[in-house]
Every structure is written in structure tokens, then in C-alpha cells.
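Undergrad: Line by line, the protein sequences are chains L and W. In this text, residue positions in the first sequence follow our numbering: the first is 1, and each later residue adds one. In this text, residue positions in the second sequence follow our numbering: the first is 1, and each later residue adds one.
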Amino acid sequence: MLRLVLTSLRRPLLVVSSWLLVPVGLSLSACGSDEYMATHPSTATGPSAAYGLWTPGPNDTCTKEVHDRYSTIGPDGKLYPTWHPPVDPQSGCSFGHEHGRDPSGSKLYHQVGAIPFGLANEALDTWDPTGIRHEDHFGHKIEWENDVPMRISGPAGTVLNITCDVLTKLHQGTHSKDAFTNNLHELVYHIRCNDGTELHLTLLTAIGTPGEFQRSCDPDGPAVVVGAPTPANSPDGGGRRLIPDRVCVDQYVLVPPGQRSQFNNGIHESWQVSAGLRADDGHGLAFVNPYFQVFDPSRFYDPAATNVTGRTIDLCYEVESNGDRASSSSCDASTGNGTVLGVTFDDPRSVFNGAHRVVDINSTIISNQDGPEVWYTDPFGRHGRPAPFPGSVLQFVAKVNTDYGFNVSGPGLDHDYSQGVHAPN
Amino acid sequence: MTSLQRVLYSTLIACGLTHSLWAQGAPLRHGAWVGVSPSFGSPKVSCDFCQDGRETGFAGMLDAGVVVAKRFGVGIEGGGWFHNVDNVGHRLWSLSLAGHYYPDPRSGLSLKVTVGYATYTASDSTGSLKAKAPALGAGIGWETRLAPHVLIQPYVDFFSTIPTTLRFEDQVVTGGTTVTQLRVGMGIRYYGGR
């Protein structure tokens, strides 16, 4: 097969020695019919800020060295952490946290390769040194599915049959206070469909308004204002972060004797992304709106708690003055039906580990009929240009227009990765 | 019963009926004719991401023409097909010029080719998905005299549009779309000639 290397895409590799000017993105070649193929340098020039962040806790048996072997070289030449299983298959030791589904099973993996965690965050260091946003290691969560049948609204649904391969990663930390204020999270989104849709996107997506979140049990109610975000100049974004707080706990979890708690209503997160790529002239090139749901997260917002972070497992032991308390199979499972006292949030016995997640694919719309396919944007997906610039990230957008006028929407991908996992996760 | 099975059974019934009427005499094709033919149509929209399979529904055709020689006739025919699925109305309209060839004027065998235009729509309250394009077709039938000026004709015909654009309202969905239709029917024609 004729294999072409797009000469314009070589540039990121040629200037790698001048790292401050390196546009961070995936190098890319076109194979045959312009198939997207990410290629990375073979030698690392140094660690990224995301590399080496994890150290084992008291419940983990793997060493930091074993963990850091799971790395990949980003297109900027830096070393990044990447997906690993919760248990190291070689040594059998446990990391105690998970990053979702093994991406190597995705049909897109041969195109995109190992996913570097923190690439867009790293690019922001160059794009805006005053607005640094680094994220922890635990929050990087991968999900994928092959041949996903899309739901098509209206008459087109009786005629068309659109299927997609989807591979996505969101940094979605649900164990700390980070997301109470911070709306910038790294999103990687790869999708290829039989209607010509193809999008390979890496950016920091602003989910909702910085400094506040929406209460998950009252998503359309007033925002819960928490405090200053990091970075302080975080942009406002579409979508919203639905996060539980003490109000949700009181409403759905701590219930009168004889009633059952509704953890799925009370302690449930849904980060509703509304992200896209925009050209320098303001033209919207691509849009995605996946929702990332987490069931049984280990935290909720509690302004009275240490670090304003309430621990879900603590609710299993709490009895309010009026006798209200939690009553659920989750608490029963975590505490041996109430016989085990003192289970802490990071105890492997707690089922509140944030490992049960659903990714709703929802819509992908591309408006790039005239191309080019390769765009360089700032780390937020804006100011897209055909040529790289300092702090830019490479994006691939197929030369199609999929704004058909009817809705094409993907289903939810529901997986539980709890095996061998405990909070923080 | 699948769509294809329904079409095949319809064909068999039509052929059987014609055979029983055959004894009434060879066709007399003279002059101009007008006809009507209820039928079953089984269209298919084909594109890179169109669903497989055909939907069968009621179809009808009106035609008119004139016998210009012992073995040749020309005419015009308009066809329609209707089918509803999940509150979505599917419609296929066609208008064609037809050339008819009768290999043996004493026989009921009739062949035709058509050149025309076809429009397919699938619509509900949210909008219409549409493909329209020139279409080419062919068919075969067997005419049998039912009365001095009346002939019946079971037939099978098929047409396909040339590749065209599938649109939702005015928005292009995809190119390279073809619409085909397999149709089985029973035509009744009145010939005005002596």
C-alpha cells in the first residue's frame, strides 16, 4: 500500500530540540486513503509533568518503578504515563487504581497507539505559562467500544445504519476536591464511523463553570459555588459537572429507618462534556458531547468536612440525630453488613471507589468538508490553524460534514473496573 | 413472511391467474392504450451506510401508450409506492418513458425498457430524507386478452436510479446513493384500436 507521510506533519519532530516551541500533538502519517496514523519519537527527551506522579499507598504492593514502566513517549518527545492494568501481570503486584479499559482492544488502537496521559496539560505549560493545569494520575480513565450502533433520529433512522469505533479518555478524578472547583480536564476522543466521521482530538475541555459545580441531585438548580479554580484564568465551558454534595446525601442516602438509600440518585457524578475544535477564524470544526458518569464515587462535597471532601464510606456509619442513616447493599458489602467498623475511604473493602462508570457517546458533529484534515489548536481546542505553533496540539478532523440536520447519538458504555481497586482511584 | 417471499408469492399467483385465462385468446394490441396496475414494490436505498434489506409495500402504476408497430410500442408510465415504518412514511414516485417490445405479436410476451426519473422520500414531522435521480429500468410481462379491448398483464419490473445525493431537507447526507425497486404487479389495459 502506498504510504505517504504528510510532509507538513514532520515539523513537530524536526523541532523537538527546541522544546519551548514544540507544538504538542500527535505526529501523523497518512496510509493509503489518508488514514490517520499517530507516530511518536522513539527516544524520550525527558519526563512530562504527568510522569512519575504515583507512589504506592499502604494498600498497594507495586513499587513506583514497576508503575512507571507503563509509559509512552508523546509526540513532543516527553515521557508520559499511560494505561496499565490494576494488577501488574508480570509481578502480580497491585497498583490499587485503574485507568479503565485496556485500549489495545480497540480497533482504533493501531491508529492511535498508547495514549499519553497529560499531553494537553503539558501543552498548556507552553501556551500559557501563567495558567498551568496539571492533573493527578488516578483520574485518567479510558473507555472504548468497537462497532457501536448509533441511534438516528427521525426518518433517517429507518434508512441509515451508522456504526462507530470509539476510544476516549477523560481525566475524571472523583476521589479528591479537585473537580469541585476545577473545570479543566484532559479529554482524548477518537472516533471513526462508517459514514466518514473520523476525529482524533486531544484537548483540555472546560466542563461547566470554574469555581462551582451543579448538584447532581438537582442538576438544574442553583450552582454550588466552592472557590477559586486552578488555574485562576480557567475559561468557562459548555456542559456541566454534576457532583453530589451534602444536600444530596441528606435527601437520598441518609433515610429514615425502614427506607432504602438511593445511592444512584444521591451519590452519582455526571460530567457532561461539550467540547469542540474551532478554527482561528471562529469556524467550528468538530463537536462532541459525551457524558462521563461515575457511580459510587468515594467523595462528595461537604463544606464541613476536611478539605471540603466528604467520604461516601463514612455515610455507612453515620446516624443523624433524627435516626436517619444509610441503608443499602453498597454499605452492607463494604462493612460486612455493618459488622466491620472503621472502613476508611481508601480501604479495598469499600465499594465506593469510582470504578463503575458509564460513558454516553452522544453526538459527534464534524464541519470540515473543505479540510484540511490536520489542524493545530491551542490546548483548549481553539485557534485552529493548519500549521503548528508553540503550545499547539495536533488534531485530526476528517474532511466531511456530518451536520445532517438529524440527531446521530451513541449509547452508554457501562463498565465496572472495581476488581483489585480502591480509592483513591 | 419476508418481503422477498411476498413478492415471489405474488408473482406465482399472478402467473397462475394468467395461465387460467390464457385460453381466452391471444392478445390484440392495436392503437393506443391506457392501463392501471396494482402491485407490490420492494425498493432499496443503497449507500455506504444505508441499512440492508428491502421494504415491501403497496405500489401502483398508471400507464398509457401506443402500439407503433407489430412488435413495438411506446408509452409513459407513472408509479408510486407507499410504506409506513415507525411513523415514518416511505414514498417512491417514478415517471418514465417506456419502450415495449413484443417478440412474437401472437404471443403474450412483452418486454420493456424505461428511462425516467424517480424520487424517494422517507418523512415524518421532523423532516424528509430524499433521493431523486434519473432512473433506468426493464421489465417483462405476459399479456392476455380478457375482453375484446381489455388485456391483463402480470409483470415483473425493476429500475435503478443513477448514483445520486441523499439529502435530509437541504443538507447533504451522502453521495453515491442509488434507489432500486423490484416490482410485481398485475396490469389491466384498455386498447382503443380496432
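Beta carbons are placed, not taken as given, at the ideal position from N, Cα and C, and that holds for glycine.
Does the CB of G405 of chain L have a neighbour CB from chain W at under 9 Å?
TA: It does: the Cβ of G405 of chain L has a partner Cβ on chain W nearer than 9 Å.
Undergrad: Quick check: S42 of chain W and R91 of chain W, are their CB atoms within less than 9 Å of each other?
TA: Against a cut-off of 9 Å, the Cβ pair of R91 of chain W and S42 of chain W comes out as no contact.
Undergrad: Suppose only complete runs of 3+ residues qualify. What are the beta strand (DSSP E) ranges in the segment 131-162 of chain W, listed by chain order?
TA: Taking only runs of at least 3 residues, the beta strand (DSSP E) segments lying wholly in the segment 131-162 of chain W are 144-147 and 150-161.
Undergrad: Assign K112 of chain W to one of three DSSP states: helix, strand, or coil.
TA: Residue state, collapsed to three classes: strand.
Undergrad: Any beta carbon of chain L sitting closer than 9 Å to that of D63 of chain W?
TA: No, its Cβ sits nowhere closer than 9 Å to a Cβ of chain L.
Undergrad: Leaving aside the five residues before and after V88 of chain W along the sequence, list all residues of the same chain whose C-beta is less than 8 Å from its C-beta, in chain order.
TA: Closer than 8 Å at the Cβ level, and outside the excluded window around V88 of chain W, lie A122, S123 and D124.
Undergrad: Looking at chain L, which residues of the segment 33-58 of chain W have a Cβ within less than 9 Å of any of its Cβ atoms?
TA: Of all residues in the segment 33-58 of chain W, V45, C47, D48, F49, C50, Q51, D52 and E55 have a Cβ within less than 9 Å of some Cβ in chain L.
Undergrad: Determine the burial state of Q90 of chain L: buried for a count of at least 16 other Cβ atoms within 10 Å of its Cβ, exposed for fewer.
TA: Exposed: under 16 other Cβ atoms inside 10 Å.
Undergrad: Counting only C-beta atoms, is L151 of chain W closer than 9 Å to chain L at any point?
TA: Not an interface residue.
Undergrad: Nearest to D157 of chain W by alpha carbon, out of W:L111, W:D104 and W:S46?
TA: Checking every option, the nearest Cα to that of D157 of chain W belongs to W:L111.
Undergrad: Name, going along the chain, the residues of the segment 111-137 of chain W whose beta-carbon falls closer than 7 Å to a beta-carbon of chain L.
TA: Correct list: A122, S123, D124, T126, G127, S128 and L129.
Undergrad: With a threshold of 9 Å between beta-carbons, can T174 of chain W be considered close to chain L, or not?
TA: Output row for T174 of chain W: interface = yes.
Undergrad: What residue from W:D48, W:P38, W:V36 and W:V34 has the CA that sits closest to P163 of chain W's CA?
TA: For the residues W:D48, W:P38, W:V36 and W:V34, the minimum Cα distance to P163 of chain W belongs to W:D48.
Undergrad: Kindly give me the distance between the Cβ atoms of T161 of chain W and A135 of chain W, rounded to whole angstroms, as I take these residues to be in contact under 8 Å.
TA: Indeed they touch by this definition, with Cβ atoms about 4 Å apart.
Undergrad: Check A355 of chain L in the structure and name its three-state DSSP category.
TA: Reduced to three states, the DSSP call for A355 of chain L is coil.
Undergrad: Measuring alpha carbon to alpha carbon, tell me which residue in L:H84, L:T306 and L:G384 is nearest G284 of chain L.
TA: Nearest option by C-alpha distance: L:G384.
Undergrad: Let me check one thing: in DSSP terms, what residues is K44 of chain W bridge-paired to?
TA: DSSP output for K44 of chain W lists W:T180 as bridge partner(s).
Undergrad: Mind checking the segment 182-200 of chain L against chain W and listing, in chain order, the residues whose C-beta falls within less than 9 Å of any C-beta there?
TA: Answer in chain order: C193, N194, D195 and G196.
Undergrad: So for K64 of chain L, helix, strand or coil by DSSP?
TA: It is helical.
Undergrad: Would a check of beta-carbon distances place Q181 of chain W closer than 9 Å to chain L?
TA: No - not a single Cβ of chain L is within 9 Å of the one on Q181 of chain W.
Undergrad: Check each residue of the segment 150-162 of chain L: if its Cβ is closer than 8 Å to any Cβ of chain W, include it; give the result in chain order.
TA: For the segment 150-162 of chain L, which is checked against every Cβ of chain W, the residues closer than 8 Å are S153, G154, P155, A156, G157, T158, V159, L160, N161 and I162.
Undergrad: Would G381 of chain L and K399 of chain L qualify as a contact pair, given that the criterion is a beta-carbon distance under 9 Å?
TA: No. Outside cutoff.
Undergrad: Measure from the C-beta of V85 of chain W to each C-beta in chain L and report whether the shortest distance is under 9 Å.
TA: Closer than 9 Å: yes.
Undergrad: Just the C-alpha distance for D416 of chain L and I361 of chain L, rounded to the nearest angstrom, thanks.
TA: Roughly 17 Å between the two C-alpha positions.
Undergrad: Helix, strand or coil for E55 of chain W? Go by DSSP, reduced to three states.
TA: DSSP places E55 of chain W in coil when its eight states are reduced to three.
Undergrad: Using C-beta distances below 6 Å, list every residue in its chain close to D63 of chain W, excluding the 5 sequence neighbours before and after it, in chain order.
TA: G35, G75 and E77.
Undergrad: How far does the beta strand (DSSP E) with L95 of chain W in it extend, from its first residue to its last?
TA: L95 of chain W -> beta strand (DSSP E) spans V88 to Y101.
Undergrad: Under a three-way DSSP split, which group does G371 of chain L fall into?
TA: Of the three classes helix, strand and coil, the one that applies to G371 of chain L here is coil, per DSSP.
Undergrad: For N425 of chain L versus E98 of chain L, is the C-beta distance shorter than 9 Å?
TA: For N425 of chain L and E98 of chain L, yes; Cβs fall inside 9 Å.
Undergrad: Could you give the distance in angstroms between the alpha-carbon of D296 of chain L and the alpha-carbon of E65 of chain L?
TA: Distance between the alpha carbons of D296 of chain L and E65 of chain L: 30 Å.
Undergrad: Under 9 Å between C-beta atoms, does N401 of chain L make it to chain W?
TA: Yes, because at least one Cβ of chain W sits closer than 9 Å to the Cβ of N401 of chain L.
Undergrad: Give the single residue among L:D125, L:G139 and L:V87 whose Cα lies nearest to the Cα of D76 of chain L.
TA: Nearest of L:D125, L:G139 and L:V87 to D76 of chain L, Cα basis: L:D125.
Undergrad: Run through chain L and tell me which residues come within less than 7 Å of V88 of chain W, C-beta to C-beta.
TA: In chain order: P155 and T158.
Undergrad: Does DSSP put A123 of chain L in a helix, in a strand, or in coil?
TA: It is helical.
Undergrad: If we ignore side chains and look at the alpha-carbon of each, how far apart do L129 of chain W and T364 of chain L end up?
TA: The alpha-carbon atoms of L129 of chain W and T364 of chain L are separated by roughly 20 Å.
Undergrad: Once you ignore the five residues that flank H134 of chain L on each side, which residues in its own chain have a CB closer than 8 Å to its CB?
TA: Here the set comprises A49, A50, G118 and N121.
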